[in-house]
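Student: Structure in structure tokens, see below.
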DNA sequence: CTAGGGTTAG
């Protein structure tokens, strides 16, 4: 199922695209931008906090000859700031390299306060008007995230060079202000300045960050070609990363292949691109290729691969890469460790996730959230609550993700009181509820059957209810078979988000299960008229060497005869112990018998039948599904787990279902 | 003196 894209096709695509880049060069230069630059006042930095540094100490007679003191990291938060003291005492002659070294350390360690002090010192020195020095100061402010001060310096500099412009552009692009980076870049072009490779890689990062399309990025690409920087590994990697962010992996690969020299960053950008698209197999293949080509994977590579494998739930491959981390002596630092925890949890092994969690060198809020998420997705509601309490006891400040996860867990596990308590707790931790929290809270009330309270909550909530909020109510109405309220909720959704097929299907289901088949048919018709389509359901089963995919009514599989035979056999056995097909999940005019027949070829049932004939007896079966498990399949799987004496783990879009001995871990709450 | 790649939810 994982097909490689033809490289020649990619090449053709980009060659044509290149023509467009050249065509657009002119447009960009003449592009009109609105500018709103702050008026310049004074740049005198505030150094009152550390005025002691500037006090002369006449009693000191220490003569310093060794500038290596600058490397001393035991004082002044590692910036070596104490040497300024020596300069003040006249024990050390200030020169360019001292200031440069100090500023470099401030920049690297993001010490804004210290940077201000050095700045103040330089203002009193002979280097006050030195452009290179001013650039370094500007850069220090920019990299410390203090863009306002960097901007002031920039505006006040009478003479600017490329480095000045680039330092500020990169400052903006590294500090989440891509728009400002792009505006500044355009202004630079209009002044006739020629960007260098540093400018281009910075502005490419900015063009990939906030924009909705690749229009600007393609124009920058044109500049790279025009000025001959596209071969540069920095520019090239930024370029391919930019395309990867716009989901154009073919273009990204083409640029990569064309690079004269590649490095880890180029590889990592590709792996991350596949990870963002949930292409576990491709990410892993790229990772292996990287190894084969003799590149050493970095933390970036590992965390991207784990993210990708988490999204496909590929436990075995994940273990292989984990082994690679161990073999290469890599430590489980935050980023890598957190993705690894997440990978194990999402691949169905909460035990391994916990083992990794316990071995983490440092545990931040994301590490804890990953564990919570893992428990919640496996339906371990009480465990989620326990982990959350443990997290609080460990003094970790919960964030919005934490609360969302805990609320979801409570909702799924039917922990009504706990959920309400935690919702109230958010404010005490200074976490403002967002849309998703309201959705989940409605879900919590709704699942518990408190439909009227859920409706009251929606009407009284401080933000305007969105389609998703009404959707939670609609889902609850489906569960509790409340036709009138369901229809009311659906009306709101159709208005707010007319292009989603979900609510139409849900509404049709509600009517169908209430026996109102005409209304159900009308809802289906509305769905068709609004042009929305139901996503075709499919399921995957992983065997030792391959991934097998099934869609409903599937007859493409080479072993289809055996698969259907196997399912008929299971179906008979589970009917004997109480399985009753629930045809309300089938939407059609067909009669009861036909609808039951349709049910029996749902993709997850085919996947299960296939797994039973192609995996060793007694082994756990893993199935993945692209949409929620249907109610009838859920019931059938419960019985089947008892009949075949196998544990069946199904991962759908929302969560995991562990079927064992006639029961499901979700407690029929999903 | 200035540059590119990574985490958790719904």
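Residue numbers (full-length UniProt numbering): 1 to 670.
C-beta atoms are modelled at their ideal positions from N, C-alpha and C, and glycine is treated no differently.
All figures in this text were calculated on a predicted structure; none of them were measured in a lab.
1. Taking residue 188 as the reference, which of 212, 173 and 160 has the closest Cα?
2. Identify every run of the beta strand (DSSP E) within the segment 615-651, keeping only runs that are complete inside it and at least 3 residues long; order them along the chain.
3. State the CB to CB distance for the pair residue 225 and residue 266, rounded to an integer number of angstroms; the pair is presumed to be in contact (CB under 8 Å).
4. For the beta strand (DSSP E) containing residue 93, name the first residue and the last one.
5. Pull up the CB-CB distance for residue 601 and residue 623, whole angstroms please, since I reckon it's below 8 Å.
6. Assuming residue 657 is part of the beta strand (DSSP E), what are its boundary residues?
7. Within 10 angstroms of the Cβ of residue 261, are there 16 or more other Cβ atoms? Answer buried if so, exposed if not.
8. Assuming residue 342 and residue 370 form a contact by the criterion Cβ under 8 Å, report the distance between their Cβ atoms to the nearest whole angstrom.
9. Using CA atoms only, rank isn't needed, just tell me which of 621, 153 and 228 is closest to residue 197.
10. How is residue 668 classed by DSSP in three states: helix, strand or coil?
11. Residues in its own chain within less than 6 Å of residue 374 by CB, not counting five upstream and five downstream?
12. Just verifying my parser: in three-state terms, what is the DSSP assignment at residue 375?
13. Taking the beta strand (DSSP E) that residue 548 belongs to, which residues open and close that run?
14. Which word fits residue 63, buried or exposed, when buried means at least 16 other C-beta atoms lie within 10 angstroms of its C-beta?
15. Cα separation between residue 183 and residue 372?
16. Which residues bound the beta strand (DSSP E) around residue 538?
17. Between which two residues does the alpha helix (DSSP H) containing residue 316 stretch?
18. Can you tell me the Cα-Cα spacing of residue 194 and residue 223, whole angstroms?
19. Is residue 142 near residue 168, with beta carbons less than 7 Å apart?
20. Residue 307: buried (16+ other C-beta within 10 angstroms of its C-beta) or exposed?
21. Give the straight-line distance between the Cα atoms of residue 583 and residue 562, rounded to the nearest whole angstrom.
22. Name the two residues that bound the continuous alpha helix (DSSP H) containing residue 235.
23. Assuming the contact rule is C-beta atoms closer than 8 Å, residue 449 and residue 412 should be a hit. Round their C-beta distance to whole Å, please.
24. With which residues is residue 663 paired in a DSSP beta bridge?
25. Which ranges does the alpha helix (DSSP H) cover as unbroken runs of at least 4 residues, wholly within the segment 260-289, from first to last along the chain?
26. Across the segment 413-427 and the segment 451-466, are there enough close Cβ pairs to call them in contact, namely three or more that are closer than 8 Å?
27. Since residue 504 is in the alpha helix (DSSP H), which residue starts that stretch and which ends it?
28. Can you tell me whether residue 72 is buried or exposed, with buried defined as 16 or more other CB within 10 angstroms of its CB?
29. Taking the continuous alpha helix (DSSP H) assigned at residue 331, which residues delimit it?
30. Can you find at least 3 beta carbon pairs, one from the segment 505-524 and one from the segment 277-286, that sit closer than 8 Å?
31. Are the beta-carbon atoms belonging to residue 646 and residue 621 less than 7 Å from one another?
32. Please work out which residues of its chain come closer than 6 Å, Cβ to Cβ, to residue 166, disregarding the five sequence neighbours upstream and downstream, and give them in chain order.
33. Terminal residues of the continuous alpha helix (DSSP H) containing residue 179?
34. Buried or exposed: which applies to residue 565, given that a residue is buried once 16 or more other Cβ atoms fall within 10 Å of its Cβ?
35. Which runs of the alpha helix (DSSP H) spanning at least 4 residues fall entirely within the segment 445-494, listed in chain order?
Tutor: On the basis of the data shown:
1. 160
2. 621-625 and 648-651
3. Not really, about 18 Å apart at Cβ, beyond 8 Å.
4. First-last for residue 93: undefined, no H or E at that position.
5. Going by Cβ atoms, the distance from residue 601 to residue 623 rounds to 15 Å, so no, they are not a contact pair.
6. Where residue 657 is concerned, the enclosing beta strand (DSSP E) stretches over 656-660.
7. exposed
8. 5 Å
9. Nearest C-alpha to residue 197: 228.
10. coil
11. 345, 350 and 353, listed in sequence order.
12. helix
13. 547-551
14. For residue 63, the predicted structure reports a pLDDT of 34, less than 50, and the residue's modelled location is therefore unreliable. The matter cannot be settled from this model.
15. 41 Å
16. Where residue 538 is concerned, the enclosing beta strand (DSSP E) stretches over 538-542.
17. Counting along the chain, the unbroken alpha helix (DSSP H) around residue 316 starts and ends at 315-327.
18. If you take the alpha carbons of residue 194 and residue 223, they lie about 9 Å apart.
19. yes
20. buried
21. 25 Å
22. 233-245
23. With 8 Å as the limit, residue 449 and residue 412 do not qualify as a contact, their Cβ atoms being about 15 Å apart.
24. Looking at the DSSP assignment, residue 663 forms a beta bridge with 660.
25. 264-276
26. no
27. 502-513
28. Since pLDDT at residue 72 reaches only 45, below the 50 mark, its modelled position is unreliable, and the value read off the structure follows with that caveat. The residue is exposed, with fewer than 16 neighbouring Cβ atoms inside 10 Å.
29. Where residue 331 is concerned, there is no enclosing alpha helix (DSSP H), given that its DSSP letter is neither H nor E.
30. No, they do not touch.
31. yes
32. The beta carbon of residue 166 sits closer than 6 Å to those of 198 and 199, all from its chain and outside the five residues before and after it, given in chain order.
33. 178-190
34. Classification of residue 565: exposed, given that the 10 Å Cβ count is below 16.
35. 451-460 and 467-479
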